[in-house]
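Chains as they are written, first to last, in numbering that gives the first Met the number 0: chain W, 0 to 168; chain F, 0 to 425; chain A, 0 to 100. I have placed the structure first, in the form of structure tokens, so that the comments after it can refer back to it.
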Amino acid sequence: MQPVATTFFFYLLSGAAILGGVLVITRKNPVHSALALIMTLLAQAGLYLMLYAPFVAGVQIILYAGGIMVLFLFVIMLVNIEKVQKQEQFNKQWLVGIVAAAALGVLFVLVYMKGESLFPKHVVRLAEESNTQEIAVLLYGQYMFAFEIASLLLLVAIIGAVVMAKKRI
Amino acid sequence: MLDYIQGYLSSNVTPGQAGNVFWATVYILIVFGAISVAVMAMNWLERKALAHFQIRLGPMRVGPHGLLQPIADAIKLLTKEDIIPSGADKFVFWIAPLIILCAAFTVYIVVPFGPTHAITDLNIGILFMLGVASLSVLGVVMAGWASNSHYPLIGALRSSAQMVSYEVAMGMAVVSAILMTSLHGLGMYGVAANSTGTGTLSMIDIVKAQQEQHVWFFFKFFPLGLVAFGIFAIAMVAETNRAPFDLPEAESELTAGFHTEYSGLRWSLFMLGEYAAMIAVSSIAVTLWLGGWMRPFPHTLGGETWDLVFSLFPGLTFIGLAAIAFIGVVRMPKHPYFKIQTAGLAGFGVALGLIGLILFVPPVRDRIQDIYWFAAKVAVFMYLYIWYRATWPRYRFDQLMKVGWKVLLPIAIGVLILTAIMGVLL
Amino acid sequence: MAPITTLHYLVAAAALFVLGVIGVLTRRNVVIILMSIELILNAVNLNLVAFSRLYGLHGQIFSIFVITDAAAEAAVGLGILIAFFRNKETVNVDEVDLLKW
Numbered sequence: 000m001q002p003v004a005t006t007f008f009f010y011l012l013s014g015a016a017i018l019g020g021v022l023v024i025t026r027k028n029p030v031h032s033a034l035a036l037i038m039t040l041l042a043q044a045g046l047y048l049m050l051y052a053p054f055v056a057g058v059q060i061i062l063y064a065g066g067i068m069v070l071f072l073f074v075i076m077l078v079n080i081e082k083v084q085k086q087e088q089f090n091k092q093w094l095v096g097i098v099a100a101a102a103l104g105v106l107f108v109l110v111y112m113k114g115e116s117l118f119p120k121h122v123v124r125l126a127e128e129s130n131t132q133e134i135a136v137l138l139y140g141q142y143m144f145a146f147e148i149a150s151l152l153l154l155v156a157i158i159g160a161v162v163m164a165k166k167r168i
Numbered sequence: 000m001l002d003y004i005q006g007y008l009s010s011n012v013t014p015g016q017a018g019n020v021f022w023a024t025v026y027i028l029i030v031f032g033a034i035s036v037a038v039m040a041m042n043w044l045e046r047k048a049l050a051h052f053q054i055r056l057g058p059m060r061v062g063p064h065g066l067l068q069p070i071a072d073a074i075k076l077l078t079k080e081d082i083i084p085s086g087a088d089k090f091v092f093w094i095a096p097l098i099i100l101c102a103a104f105t106v107y108i109v110v111p112f113g114p115t116h117a118i119t120d121l122n123i124g125i126l127f128m129l130g131v132a133s134l135s136v137l138g139v140v141m142a143g144w145a146s147n148s149h150y151p152l153i154g155a156l157r158s159s160a161q162m163v164s165y166e167v168a169m170g171m172a173v174v175s176a177i178l179m180t181s182l183h184g185l186g187m188y189g190v191a192a193n194s195t196g197t198g199t200l201s202m203i204d205i206v207k208a209q210q211e212q213h214v215w216f217f218f219k220f221f222p223l224g225l226v227a228f229g230i231f232a233i234a235m236v237a238e239t240n241r242a243p244f245d246l247p248e249a250e251s252e253l254t255a256g257f258h259t260e261y262s263g264l265r266w267s268l269f270m271l272g273e274y275a276a277m278i279a280v281s282s283i284a285v286t287l288w289l290g291g292w293m294r295p296f297p298h299t300l301g302g303e304t305w306d307l308v309f310s311l312f313p314g315l316t317f318i319g320l321a322a323i324a325f326i327g328v329v330r331m332p333k334h335p336y337f338k339i340q341t342a343g344l345a346g347f348g349v350a351l352g353l354i355g356l357i358l359f360v361p362p363v364r365d366r367i368q369d370i371y372w373f374a375a376k377v378a379v380f381m382y383l384y385i386w387y388r389a390t391w392p393r394y395r396f397d398q399l400m401k402v403g404w405k406v407l408l409p410i411a412i413g414v415l416i417l418t419a420i421m422g423v424l425l
Numbered sequence: 000m001a002p003i004t005t006l007h008y009l010v011a012a013a014a015l016f017v018l019g020v021i022g023v024l025t026r027r028n029v030v031i032i033l034m035s036i037e038l039i040l041n042a043v044n045l046n047l048v049a050f051s052r053l054y055g056l057h058g059q060i061f062s063i064f065v066i067t068d069a070a071a072e073a074a075v076g077l078g079i080l081i082a083f084f085r086n087k088e089t090v091n092v093d094e095v096d097l098l099k100w
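Okay, here's the thing in structure tokens:
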């Protein structure tokens with residue numbers, strides 16, 4: 000199926016993502032930041048769909064928006080935000096930070112502009128209908144070892160989180 | 000115009016796959032309307048059935064046997080004052096019910112009411128459904144937090160913990176059903192051994208896999224499909240915060256849980272979202288394990304005659320409902336006060352009967368079949384929800400967590416492993 | 000209008016990345032710093048998926064691994080945050096100065 004109105008949806012979704020990003024780093028209230036981040040994540044899921052990556056989009060929604068963000072909201076509710084809101088939000092090096100980050104961004108864009116001629120001229124024809132199957136074949140074939148390590152990483156993370164957060168073990 | 004409709008009706012893909020924006024919009028509107036009506040009907044049915052479980056009458060005054068009660072409720076809720084607590088975070092308070100509603104209704108994009116009766120067929124259908132359905136937990140957390148009140152906050156924390164925990168077991172059960180789409184064993188359990196399809200996540204293809212393998216996944220690898228279905232059936236009740244897992248809304252402990260501070264229209268949005276989510280998870284269960292739109296016994300009772308017999312069911316159902324309405328008319332007290340009520344019930348019966356007669360017309364009959372069987376299976380689940388609520392006492396929260404993590408999850412993983420072994424070895 | 004090319008996606012990802020870096024460098028609240036890290040990881044993901052359009056599916060696989068990493072990082076980071084909040088009653092990073100003594 001051919002995507003419709005690609006240009007419109009690209010600008011809509013990437014605009015929503017960037018607006019969400021701006022809100023994340025500027026809001027005083029962490030809950031509002033978390034909501035803005037959810038908007039960014041969902042917009043990105045839409046962008047993945049436009050890039051013929053439906054499986055990654057699904058994982059993005061189910062894991063990021065559904066799992067990780069709930070964790071964030073949970074923690075925000077556990078820590079006292081009344082007090083946090085009245086404090087100074089930015090640290091003393093904020094000006095340097097913004098300048099450095101903006102310089103980094105300019106560098107990126109310049110590199111992309113210069114390097115665009117190195118990109119392949121034609122896009123790979125990604126199978127939209129069997130995307131999940133092909134990812135599964137790669138993930139459980141070529142990337143099997145990395146996959147196992149990822150599962151180990153998750154196990155370590157679970158134990159680490161419990162050790163950190165629990166009062167008495 | 001008529002040719003256009005005719006041309007569409009004879010096509011064999013969903014409007015989303017065909018890229019037909021017009022028909023997709025029509026489908027979306029139809030599904031939205033149908034779900035809203037179903038929620039209203041469910042509301043009435045729940046009150047009546049609960050009442051009869053407890054030997055009460057339930058709503059009787061508004062319309063015959065309280066049939067107009069949902070409409071009266073809707074008018075009441077729409078005209079009620081909409082209160083926002085003074086300390087509430089207004090924006091979050093405002094957007095939370097909308098998130099729940101959107102999450103509950105977006106899911107229906109991929110629900111297959113029939114081979115072509117779906118808005119679209121996504122390659123990642125079931126993953127999309129689980130993901131979007133899980134977004135409703137965000138709405139719950141936001142509603143509880145934004146209310147700036149203790150009961151809603153505790154209710155929201157409970158609810159999010161519960162939904163996140165049961166999602167894991169639910170996902171494992173779903174994965175074992177997805178495994179069954181590609182694994183077929185070597186002919187044991189009467190499964191067609193020659194179907195060598197690859198696995199699929201698409202909702203329509205999952206039902207088609209059941210069609211090709213001549214078995215509902217409920218019965219496949221005999222106890223395994225059943226156990227996976229049972230885990231899903233338990234987890235889905237917990238996911239939708241219904242009794243006996245309705246701790247987030249436990250009225251004896253938390254007044255009304257996360258929506259304590261809500262009133263009027265916003266509260267009704269919560270209710271609409273909750274019931275829509277119930278129908279959505281039930282339709283996942285029906286699609287994955289109970290053969291989706293397939294009629295019962297499509298292979299053992301195959302052939303022209305049985306097809307004809309089973310295609311009469313939709314009409315017969317409505318005729319039966321009409322008959323029940325007419326029995327109600329006969330039993331109505333013969334008092335002048337009840338004149339309008341009796342006439343109304345008779346009119347309702349006539350309307351149901353007419354719908355039933357229309358459903359006997361052959362072209363309609365053939366097209367409505369899939370939707371009817373799907374809706375009938377979902378309706379069974381809806382009734383079960385009411386039945387659970389009337390029968391079982393509420394769990395304690397630590398028990399609930401224990402059941403989720405220490406019972407359902409290990410069983411689900413065990414079933415998953417056994418399904419894989421069965422599929423490859425037996 | 001010009002058709003959307005890979006470059007467009009890369010620029011959008013770069014913008015998200017820069018926003019994440021700004022958040023990490025300038026905010027005091029640990030929760031928001033963690034969220035900014037999520038933003039950075041997401042920008043990387045968008046890059047990977049955009050490049051997978053040019054070079055085949057491997058980028059998508061990598062983005063799945065990145066999401067796994069993000070989940071682990073969020074769990075441990077928030078665990079540390081809770082432990083920290085329990086001891087110091089604050090969530091500001093510049094008040095974490097125990098090691099300076």
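For each residue, glycine too, the CB sits at the ideal point set by N, CA and C.
Check: Chain W residues whose Cβ lies nearer than 8 Å to that of Ile118(F); Outcome: Result: empty, since nearest Cβ-Cβ is about 14 Å, beyond 8 Å.
Check: Residue from Phe9(W), Gly66(W), Phe73(W) and Arg26(W) with nearest C-alpha to Leu46(W); Outcome: Phe9(W)
Check: Whole-angstrom distance between Leu137(F) and Gly189(F), CA atom to CA atom; Outcome: With a pLDDT of 47 at Gly189(F), under the threshold of 50, the predicted position of this residue should be treated as unreliable, and no value is reported.
Check: Same chain only: Cβ atoms within 7 Å of Ala172(W), ignoring 5 sequence neighbours per side; Outcome: There is simply no residue 172(W) to check, as chain W begins at 0 and stops at 168 in what is shown.
Check: 8 Å Cβ cutoff met for Pro53(W) and Leu121(F); Outcome: yes
Check: Neighbourhood of Leu264(F) by C-beta, 7 Å cutoff - its chain only, sequence neighbours within 5 removed; Outcome: Leu76, Leu77 and Asp81
Check: Pro14(F) versus Ala132(F): straight-line alpha-carbon distance, rounded; Outcome: 23 Å
Check: Runs of alpha helix (DSSP H) lying entirely within the region 27–89 of chain A, each at least 4 residues, in chain order; Outcome: 29–54 and 57–87
Check: Distance, His298(F) Cα to Trp305(F) Cα; Outcome: 10 Å
Check: Where Pro335(F) falls, given that 16 or more other Cβ within 10 Å makes a residue buried; Outcome: exposed
Check: Chain-ordered neighbours of Gly140(W) on chain F, where CB pairs are closer than 9 Å; Outcome: Ordered by position in chain F, no residue passes the 9 Å Cβ test against Gly140(W), which lies about 14 Å from the chain.
Check: Beta carbon proximity, Ser158(F) to chain W, threshold 8 Å; Outcome: no
Check: Three-state secondary structure assigned by DSSP to Gln16(F); Outcome: helix
Check: Leu18(W) at chain A interface by Cβ criterion, 8 Å; Outcome: no
Check: Short CB-CB distance (under 8 Å) between Leu97(A) and chain W; Outcome: no
Check: 8 Å contact criterion, which Ile171(W) and Leu126(F) should meet: CB distance rounded; Outcome: Residue numbering for chain W in the displayed model covers 0 to 168; residue 171(W) lies beyond these limits and cannot be assessed.
Check: Partners in chain F for Asn130(W), counting only beta-carbon separations shorter than 9 Å; Outcome: Asn122 and Ile123
Check: Distance between Gln59(A) and Leu48(W) (C-alpha atoms, nearest Å); Outcome: 12 Å
Check: Cβ neighbours of Met107(F) in the same chain (closer than 6 Å, five flanking residues each side left out); Outcome: Here residue 107(F) turns out to be Tyr, not Met, going by the sequence shown. Only Val30 meet the Cβ criterion.
Check: Beta carbon proximity, Leu36(W) to chain A, threshold 8 Å; Outcome: yes
Check: Contacts that Val140(F) makes with chain W (C-beta to C-beta distance below 8 Å); Outcome: Val69, Leu72, Phe73 and Met76
Check: CB-CB length for Val206(F) against Met293(F), believed under 8 Å; Outcome: 7 Å
Check: Beta carbon proximity, Ile39(A) to chain W, threshold 8 Å; Outcome: no
Check: Inter-residue Cα distance where the pair is Ser13(W) and Ala71(F); Outcome: 44 Å
Check: Val160(F) classed as buried or exposed, judged by whether at least 16 other C-beta atoms fall within 10 angstroms; Outcome: Residue 160(F) is actually Ala in this sequence, not Val. Buried, since its Cβ has 16 or more Cβ neighbours within 10 Å.
Check: Chain-order list of residues whose beta-carbon lies under 6 Å from that of Phe228(F) (same chain, five-residue window excluded); Outcome: Phe217 and Trp288
Check: For Asn122(F), the three-state DSSP class (helix, strand or coil); Outcome: coil
Check: Contacts of Gly96(W) in chain A (Cβ-Cβ under 7 Å); Outcome: Ile21, Leu24 and Thr25
Check: Asn193(F) classed as buried or exposed, judged by whether at least 16 other C-beta atoms fall within 10 angstroms; Outcome: With a pLDDT of 48 at Asn193(F), under the threshold of 50, the modelled position of that residue is not reliable, and the figure given next carries that caveat. Counting Cβ neighbours within 10 Å, Asn193(F) comes out exposed, since fewer than 16 surround it.
Check: Start and end residues, alpha helix (DSSP H) containing Trp391(F); Outcome: From DSSP, Trp391(F) is part of no alpha helix (DSSP H); its letter is neither H nor E.
Check: Integer Cβ distance of Met163(W) from Ile31(A), believed to fall under 8 Å; Outcome: Not quite, the Cβ-Cβ distance comes to about 19 Å (not below 8 Å), so this is no contact.
Check: Assigned exposure category for Tyr139(W) - 16 Cβ within 10 Å defines buried; Outcome: exposed
Check: Residues bridged to Asn91(A) (per DSSP); Outcome: Asn28(A)
Check: Alpha carbon of Ser201(F) to alpha carbon of Gly124(F), nearest angstrom; Outcome: 4 Å
Check: Separation of Phe83(A) from Leu22(W), as counted between CA atoms; Outcome: 26 Å
Check: is_contact[Ile157(W), chain F] using C-beta, thresh 8 Å; Outcome: no
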